[in-house]
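> Residue numbers (full-length UniProt numbering): 1 to 238.
Have a look at the structure that comes next, please.
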Amino acid sequence: QGEWSGPAGGAARRQEELTPGVVFVGHLPRGLFEPQLREYFGQFGTVTRLRLSRSKKTGGSKGYAFIEFESDDVAKIVADTMNNYLFSERLLKCQFMPPEKVHENLFKNCDKIFRKPSQPAVRRYNRIRSLVEKARMTKRLLHKERLLRKKLAEKGLEYDFPGFVSLKANVHNDMLENDPTPVCTPAVLERRKAAQMGDDTEDDEVTFRLPSASVKNAVQRPKKQSRQRPSLEKQKQT
């Protein structure tokens, strides 16, 4: 007897004959992540695996992804149809990837739910640092600057630049100028005393401050006399 080839047997053979195909999708607009990509490209065929390239530090999308379809024929159709397709003011770039160019670890851990990094690099760089950490950072920057100047001098390059030392001095001076509290160090107090003594010895004249013209007029202007009304008895006598 020959092998029975019913509907189930034909479907099984077709399932075995399918070869998966991978499509590279670039120039992705913002807001397209794994769920949106799987839903959109699932219209063409069954999407088996999907890998959206993300930054390890910030967790943001890099703008390109790799999509694996159940059939390589579907993948080729998607690459031809969606290439240079205007999507959200972006021209998508789709390219079919041959099996030999697909890395074996391309879709590693692609089935796991993406979780944003708890402490991205931006938050770690912009965090509020203590005085000890600021001093350590300043020391490290100055050390790197000294090494750079030393290398330039060894190579005979006469290149002068302000660097972190002058920047640190300028910041310190600006802080002193903008500080509303007066500086009361012993050296500053001695300079103030010397300046006051010098002013007293040089200027022996006594000056009087005269009032302004408006004040003089206000003093010399007589007061207005109140107008007296005649009484009723005087009017009757007349």
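Where a beta carbon is used, it is the ideal one built from N, C-alpha and C, also for glycine.
1) Tell me, which residues are paired with L50 by DSSP?
2) Answer with buried or exposed for V74, where buried requires no fewer than 16 other C-beta atoms within 10 angstroms of its C-beta.
3) By Cβ distance, which residues of its chain are closer than 7 Å to C110, with the 5 residues on each side in sequence left out?
4) Where N84 and V25 are concerned, what is the direct C-alpha to C-alpha distance, given to the nearest angstrom?
5) Could you check if M137 is buried or exposed, using at least 16 other CB atoms within 10 Å of its CB as the buried criterion?
6) Looking only at its chain, what residues have a beta carbon closer than 6 Å to the beta carbon of D72, apart from the 5 residues adjacent to it on each side?
7) Within this structure, are the beta carbons of F44 and V23 separated by less than 7 Å?
8) Can you list, in chain order, the residues of its chain whose CB lies under 7 Å from that of E39, leaving out five sequence neighbours each side?
9) For L131, collect the residues of the same chain with a Cβ closer than 8 Å to its Cβ; drop the 5 residues on either side in sequence, then sort them by chain order.
10) Within 10 angstroms of the Cβ of V47, are there 16 or more other Cβ atoms? Answer buried if so, exposed if not.
11) Where does F96 sit, in a helix, a strand or coil, going by DSSP?
12) Nearest-angstrom Cα distance between F114 and F33?
A quick look at the data gives this:
1) What you label residue 50 is simply residue 50 of the sequence shown in a count that begins at 1. L50 is bridged to I67.
2) For the purposes of this step, residue 74 is identified with residue 74 of the sequence shown, where counting begins at 1. With 16 or more Cβ atoms within 10 Å of its Cβ, V74 is classed as buried.
3) Along the sequence shown, one-based indexing puts residue 110 at 110. Around C110: R49, L50 and R51.
4) For the purposes of this step, residue 84 is taken as residue 84 along the sequence shown, with counting starting at 1. For the purposes of this step, residue 25 is taken as residue 25 along the sequence shown, with counting starting at 1. Distance between the alpha carbons of N84 and V25: 10 Å.
5) Locating residue 137 in the sequence shown gives position 137, where the first residue counts as 1. So M137 ends up on the exposed side.
6) Within the sequence shown, the letter at position 72 stands for residue 72. Cβ neighbours of D72 beyond the five flanking positions: T19 and G21.
7) The count along the sequence shown starts at 1 and reaches residue 44 at position 44. The count along the sequence shown starts at 1 and reaches residue 23 at position 23. The answer is no: Cβ separation not under 7 Å.
8) Residue 39 sits at position 39 when you count from the first residue of the sequence shown. Excluding sequence neighbours, E39 sits near nothing in its chain.
9) Position 131 of the sequence shown holds residue 131. Here the set comprises nothing.
10) On the sequence shown, residue 47 is found 47 positions in, with the first residue counted as 1. Classification of V47: buried, given that the 10 Å Cβ count is 16 or more.
11) Here residue 96 corresponds to residue number 96 of the sequence shown, with the count starting at 1. Reduced to three states, the DSSP call for F96 is strand.
12) Residue mapping note: residue 114 aligns to position 114 of the sequence shown, counting from 1. Residue mapping note: residue 33 aligns to position 33 of the sequence shown, counting from 1. C-alpha separation (whole angstroms): 10 Å.
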